[in-house]
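In what follows, a structure is listed as structure tokens, so that the remarks can point back to it.
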Amino acid sequence: MKIAVYSRKSVLTGRGESAENQIELCKNYIETKMGGGEFEVYEDEGFSAKNTDRPEFRRLLKDIREGKIGALVCYRLDRISRNVGDFAALSEELIRRGVAFISVKEEFDTGTPMGKAMMYIASVFAQLERETIAERVKDNMHMLSKTGRWLGGTAPTGYKSEKYEVLENGKKRTFFRLCENKDESRKVKLIFSLFLNLKNVSAVRRKLSEREVKTRLNNGFSETAIKEILKNPVYAACDKDTYGYFKERGAEVTFSEDDFGKGIMPYGRRRGKTGAADITSFVIAAGEHPYLITGKEYTAAQEILSEKKAGKKRSRDGKTALLKGLLYCKCGREMRAKKRYNSDKFDYICSGKLDCGTNCCGISNLPGAFTDDAVFSALLRERSAEELYKGKNEKSEIKAINDEIKRKTRKIENLINALAEGEGYFAERVKDEINRLQKEREALLKEKERNINSLKENNLTTDSKRAYLKRFVEKVVWDGDELKTYFLP
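Convert by adding 10 to the 1-based position in the sequence shown; the result is the number in our numbering.
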């Protein structure tokens with residue numbers, strides 16, 4: 011069996027042990043300590059050791075499990091993993107499959123009891139070091155956040171990032187601060203003003219579109235962009251309103267009354283690639299930039315957004331739209347159901363139009379209930395009610411009706427045969443049972459007939475209609491003049 015040489019180097023470190031150096035040191039070890047032998051190199055470059063989801067490492071595991079590898083050599087233990095759980099699992103698998111593990115730097119192998127013990131101890135310290143570094147970075151970031159400095163990156167709409175230098179202990183250090191961008195700040199103030207008046211993000215987007223108010227990239231403002239501006243504390247003043255708002259919700263507020271009148275510098279609003287963090291992880295500091303809106307305006311906007319979100323959750327289950335995921339605009343985007351303002355009625359609107367207005371798509375909207383009825387009626391013309399009923403229920407719970415009818419029919423037939431051979435009390439009992447089964451069978455047949463009639467009369471529940479459409483309709487396309495339905499075979 012072959013010897014596997016594994017190397018890993020993260021792109022985050024440009025110093026020290028390159029992949030080439032690691033491989034060379036492993037080769038030397040194989041020649042001098044193991045007497046040589048056939049080996050294969052598995053090399054991952056640009057991957058962290060925080061988990062084992064790496065292409066070459068996966069290939070290595072596959073070869074180990076297929077019995078192709080007799081020994082695994084790496085330069086250092088943390089080249090494999092810094093996670094104790096991952097490393098322990100690998101160690102157990104290697105031992106179970108009789109594969110020796112050698113770490114060149116730590117000078118041990120699992121061929122000896124001491125080597126096994128050292129391997130576990132070293133993996134524990136590798137994870138401890140990683141967690142200590144992560145904690146130190148977190149602490150440093152936390153301390154830095156309390157200074158109110160802008161940490162760099164793309165400045166939020168309404169501001170620009172300005173670099174400046176300071177002398178600390180005789181050394182120049184570069185920092186960044188936010189400065190007001192007058193042209194953009196007017197747009198931010200307008201967005202808050204419109205929202206507090208209209209209390210509706212879609213209405214704000216329409217007003218901005220009418221006034222041809224553009225983003226930094228000269229696009230129309232989408233609803234997502236408007237919401238991000240409304241939610242961002244960076245625009246708000248440090249004052250009693252924002253202090254109370256964030257304190258009540260569990261955020262750490264580091265500004266005091268002395269900082270009132272400064273702009274807020276929020277930290278911890280993002281959690282890596284997973285999106286927005288919980289408000290309890292926010293650090294709300296006093297920044298070096300001017301505020302654009304008062305705390306009263308900011309907190310009022312948050313209350314409206316919260317009410318809208320709660321209302322949306324409450325109404326979601328009762329939504330009557332049938333064509334979610336089926337209806338598309340001719341531009342290729344999905345058309346989404348949107349409730350009309352102060353009305354129970356809804357329309358289907360191109361998602362591009364919803365996000366960034368008629369600049370993205372100018373197609374006309376579709377009245378929701380009318381469109382749902384038109385598509386379901388088209389389905390009833392395409393397939394008979396009996397076909398629809400049979401097709402939908404082939405794999406559904408309602409199939410139980412047909413199965414139960416068949417079971418009761420068989421029981422009746424068996425009892426009739428038994429009746430021919432029985433007499434007296436037994437015969438009476440059999441007759442009673444036959445009568446009971448016949449009544450149950452008739453009730454099931456009536457239920458089936460009612461379901462088919464409901465289909466014929468287009469008199470089903472919203473959920474039932476939606477289920478039929480998903481079973482038989484591939485998609486529906488609106489080109490502005492004609493609604494075309496594409497049926498599944």
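Built from N, CA and C at the ideal position, the CB exists for glycine as well.
Please report the Cβ distance between residue i and residue j, rounded to the nearest whole angstrom; I am assuming they are in contact, meaning their Cβ atoms lie under 8 Å.
i: Thr-290; j: Gly-254; result: With a Cβ gap of about 16 Å, Thr-290 and Gly-254 do not count as contacting.
i: Lys-78; j: Lys-12; result: 6 Å
i: Cys-84; j: Ser-17; result: 7 Å
i: Gly-333; j: Thr-381; result: Here the sequence assigns Leu to residue 333, which means Gly is not the residue at that position. So it is a contact: roughly 7 Å between Cβ atoms.
i: Lys-340; j: Ile-314; result: So it is not a contact: roughly 35 Å between Cβ atoms.
i: Lys-349; j: Ile-359; result: The Cβ separation is near 11 Å, so there is no contact.
i: Glu-194; j: Arg-221; result: Rounded, the Cβ-Cβ distance is 15 Å, inconsistent with contact.
i: Lys-115; j: Arg-86; result: 4 Å
Which residues share a DSSP beta bridge with residue i?
i: Phe-97; result: Partner(s): none; Phe-97 has no beta bridge.
i: Met-345; result: Cys-360
i: Lys-19; result: Glu-55
i: Pro-499; result: According to DSSP, Pro-499 bridges with nothing at all.
i: Gly-230; result: Lys-224
i: Leu-87; result: Bridge partners of Leu-87: none, in fact.
i: Val-293; result: Glu-262 and Tyr-277
i: Cys-371; result: Answer by DSSP bridge pairing: none, since Cys-371 is not bridged.
i: Cys-339; result: Trp-488
i: Glu-50; result: Ala-14
i: Leu-79; result: Checking the sequence, you will find Ile at residue 79 rather than Leu. Answer is Lys-12, bridged to Ile-79.
i: Lys-494; result: Val-487
To the nearest angstrom, how far is the alpha carbon of residue i from that of residue j?
i: Tyr-301; j: Phe-205; result: 18 Å
i: Ser-28; j: Asp-489; result: 58 Å
i: Lys-405; j: Thr-471; result: Residue placement at Lys-405 is flagged as unreliable, the pLDDT there being 43, under the threshold of 50; the coordinate-derived value follows with that caveat. Between Lys-405 and Thr-471, the C-alpha separation is close to 19 Å.
i: Asp-73; j: Phe-97; result: 18 Å
i: Gly-163; j: Phe-386; result: 51 Å
i: Leu-389; j: His-299; result: 60 Å
i: Glu-117; j: Leu-100; result: 19 Å
i: Phe-265; j: Thr-252; result: 10 Å
i: Ile-239; j: Val-198; result: 7 Å
i: Leu-82; j: Ala-287; result: 41 Å
i: Glu-392; j: Arg-279; result: 52 Å
i: Ala-296; j: Thr-157; result: 8 Å
i: Ile-90; j: Thr-62; result: 8 Å
i: Leu-35; j: Leu-161; result: 41 Å
i: Tyr-478; j: Arg-451; result: 26 Å
i: Thr-330; j: Asn-207; result: 29 Å
i: Gly-378; j: Asn-352; result: 15 Å
i: Ala-14; j: Ile-40; result: 10 Å
i: Val-483; j: Cys-371; result: 25 Å
i: Phe-57; j: Arg-64; result: 7 Å
i: Phe-186; j: Lys-170; result: 10 Å
i: Arg-5; j: Gln-448; result: An answer regarding residue 5 cannot be provided, because it is not within the stretch 11 to 499 covered by the chain.
i: Glu-473; j: Asp-249; result: Note that residue 473 corresponds to Asp in the displayed sequence, not to Glu. For Asp-473 and Asp-249, the distance between alpha carbons rounds to 49 Å.
i: Asp-327; j: Lys-173; result: Confidence at Asp-327 is low in this model, with a pLDDT of 36, below 50, so its placement is unreliable and no value can be given for it.
i: Arg-68; j: Glu-76; result: 12 Å
i: Thr-304; j: Glu-317; result: 20 Å
i: Val-176; j: Cys-189; result: 17 Å
i: Lys-475; j: Arg-446; result: 34 Å
i: Asp-491; j: Ser-212; result: 25 Å
i: Lys-283; j: Lys-456; result: Note that Lys-283 has pLDDT 48, beneath the 50 cutoff, so the model's placement of it is unreliable and no number is given.
i: Leu-70; j: Val-51; result: 9 Å
i: Glu-307; j: Phe-497; result: 51 Å
i: Val-55; j: Ile-112; result: In the sequence as presented, Val is not what sits at residue 55; that position holds Glu. The straight-line gap from Cα to Cα measures roughly 21 Å.
i: Gly-180; j: Glu-267; result: 33 Å
_Count Cβ pairs between the segment 211-225 and the segment 264-277 that sit closer than 8 Å; are there 3 or more?_
no
*Counting only runs that start and end within the segment 149-194, where is the beta strand (DSSP E) found for 3 or more residues in a row?*
169-178 and 181-190
_Using 8 Å as the cut-off, can you tell me whether the segment 362-370 makes contact with the segment 227-234, which would need three or more C-beta pairs spanning the two stretches below that distance?_
Yes: at least three Cβ pairs fall under 8 Å.
*Only counting runs of 4 or more residues, tell me where the alpha helix (DSSP H) segments fall wholly within the segment 246-290, in order along the chain.*
250-258
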